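Notes follow once the structure below has been shown.
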Amino acid sequence: MNVDEKRYRFKIPWRLNIAYTMTYNNAARQNEINRQSLMVSGDVELSPRWSVGGNTGYDFANNGISFTTLRFNRDLESFRMSFNWTPIGPNQSWFFFIGIKASALSDIKWDQRRQPDPQF
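Here the numbering used here is used: the first residue of the sequence shown is 10, the next is one more, and so on.
If you want it as structure tokens, here you go:
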């Protein structure tokens with residue numbers, strides 16, 4: 010292995026999930042498909058300590074994008090840091106966390122969040 014191969018990772022681990030769901034309802038003899046959606050989620054490990062991921066989907070019954078979330082995680086050796094963000098839809102929010110990884114000290118942490126606006 011030469012110096013460049015040790016310094017740079019050419020293979021980036023990733024994961025991709027695709028799911029389709031459909032609900033057919035005939036309880037009141039309506040014979041209809043009342044839910045139908047396509048969902049995609051995945052993660053990419055940018056470096057040994059950085060990972061980025063997200064999930065989204067399309068709801069065919071309501072003709073719109075479903076719940077979408079982006080995730081950013083960083084391993085800081087003794088600490089763990091994460092940021093989750095829901096950028097669109099009625100549940101727009103974000104959550105930031107940094108804390109000690111050791112289970113005995115896991116109560117030492119800081120987190121901040123923006124909750125979705127209340128719906129009346």
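A virtual CB, placed ideally from N, CA and C, is assigned to each residue, including glycine.
Only a predicted model underlies this, so the values are computations on that prediction, with no experimental measurement involved.
Helix, strand or coil at residue i [DSSP, three-state]
{"i": "residue 113", "result": "helix"}
{"i": "residue 122", "result": "strand"}
{"i": "residue 101", "result": "coil"}
{"i": "residue 106", "result": "strand"}
{"i": "residue 56", "result": "strand"}
{"i": "residue 27", "result": "strand"}
{"i": "residue 92", "result": "strand"}
{"i": "residue 170", "result": "With the chain covering 10 to 129 only, the question about residue 170 has no answer from this structure."}
{"i": "residue 41", "result": "strand"}
{"i": "residue 81", "result": "strand"}
Nearest-angstrom Cα separation, counted from residue j out to residue i
{"i": "residue 80", "j": "residue 107", "result": "14 Å"}
{"i": "residue 101", "j": "residue 75", "result": "12 Å"}
{"i": "residue 39", "j": "residue 31", "result": "16 Å"}
{"i": "residue 96", "j": "residue 121", "result": "16 Å"}
{"i": "residue 72", "j": "residue 64", "result": "17 Å"}
8 Å Cβ shell around residue i - same chain, five flanking residues per side excluded
{"i": "residue 5", "result": "Residue 5 cannot be examined here, being either before or after the span of the chain that is shown, 10 to 129."}
{"i": "residue 118", "result": "106, 107, 108 and 109"}
{"i": "residue 124", "result": "102"}
6 Å Cβ shell around residue i - same chain, five flanking residues per side excluded
{"i": "residue 26", "result": "50"}
{"i": "residue 91", "result": "82 and 106"}
{"i": "residue 33", "result": "42"}
{"i": "residue 48", "result": "28 and 66"}
Proximity test, Cβ basis, 8 Å: residue i and chain D
{"i": "residue 38", "result": "Structure shown: chain D not included; a single protein chain is present."}
Any non-hydrogen atom of the ligand SAM within 7 Å of residue i CB
{"i": "residue 48", "result": "Here there are no bound small molecules, and the ligand SAM is not part of this structure."}
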